[in-house]
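Residue numbers (the working numbering): 4 to 230.
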């Protein structure tokens, strides 16, 4: 099964003998991405197998294998594990996802911590440890995953995250997006607060539009408006 084959790769347990011959080139490409040193912001244009994994996975029984991957050293594994847990609405994943969000990033200074712009990491190249700086933000995907899970404790957590100006901007933005997926009128006070006070225009605008969609849905008897 394709889902199991890809999940094995994400776990670092890929087996060449189990991969169909016609899929080997795709899996070779996937393995180039599933390396701790591979870093890229944004998911567009990335390996089709990871997208297929997220789209095709429909069995919540894989959750015990996905939850440990929330702490994978591989960026894309972390992101796709979180998003897939969200898609499957695995409520028991909410705690582990939130724990990683609260741990935050290891930024070099307070300015970076607030803006979420930079991470400083190290990689090994030719046997030497090389310092590198990346514009990478990934915790926002975890917030979106909480929104897809949709439980009430997820909503409350996202409201707290969205309203905290000291958190990285991707966490605040992802929390607003997550609240939009939940679509609860209970989130309106926080969304309106964020729409007025957040320093980032994109976050303010998204909060404003999300609040408007929720209010329209409430007037329409609870029909959720899809963005």
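Think of the CB as a built atom: it goes at the ideal place given N, C-alpha and C, for glycine as much as any other residue.
From which residue to which residue does the alpha helix (DSSP H) around residue i run?
| i | result |
| --- | --- |
| residue 147 | 142–152 |
| residue 28 | 27–36 |
| residue 77 | No alpha helix (DSSP H) contains residue 77, which DSSP labels as neither H nor E. |
| residue 62 | Note, residue 62: premise wrong, no alpha helix (DSSP H); not H, not E. |
| residue 192 | 191–200 |
| residue 216 | 204–222 |
| residue 8 | 5–13 |
Grouping DSSP H, G and I as helix and E and B as strand, with all else coil, what is residue i?
| i | result |
| --- | --- |
| residue 173 | helix |
| residue 93 | coil |
| residue 186 | coil |
| residue 165 | helix |
| residue 23 | coil |
| residue 83 | helix |
| residue 99 | helix |
| residue 41 | coil |
| residue 18 | coil |
| residue 178 | helix |
| residue 107 | coil |
What's the call for residue i, buried or exposed, on a 16-neighbour Cβ count within 10 Å?
| i | result |
| --- | --- |
| residue 190 | buried |
| residue 93 | buried |
| residue 21 | exposed |
| residue 5 | exposed |
| residue 99 | buried |
| residue 184 | buried |
| residue 73 | buried |
| residue 178 | buried |
| residue 155 | exposed |
| residue 163 | exposed |
| residue 54 | exposed |
| residue 219 | exposed |
| residue 24 | exposed |
| residue 199 | exposed |
| residue 201 | buried |
| residue 224 | exposed |
| residue 236 | A query on residue 236 cannot be resolved here, the shown segment of the chain reaching from 4 to 230 and no further. |
Contact between the stretch 158–176 and the stretch 100–108 is defined here as three or more beta-carbon pairs at a separation below 8 Å; is this criterion met?
The stretch 158–176 makes contact with the stretch 100–108, as at least three CB pairs between them are under 8 Å.
Any contact between the stretch 138–148 and the stretch 71–91? By contact I mean 3 or more CB pairs, one from each, below 8 Å.
Judged by Cβ distances under 8 Å, the stretch 138–148 makes contact with the stretch 71–91, as three or more pairs qualify.
State whether the stretch 30–38 contacts the stretch 54–74, with contact taken as three or more CB pairs (one from each stretch) at a distance under 8 Å.
As far as the Cβ criterion goes, the stretch 30–38 does not touch the stretch 54–74, which means the pair count is below three.
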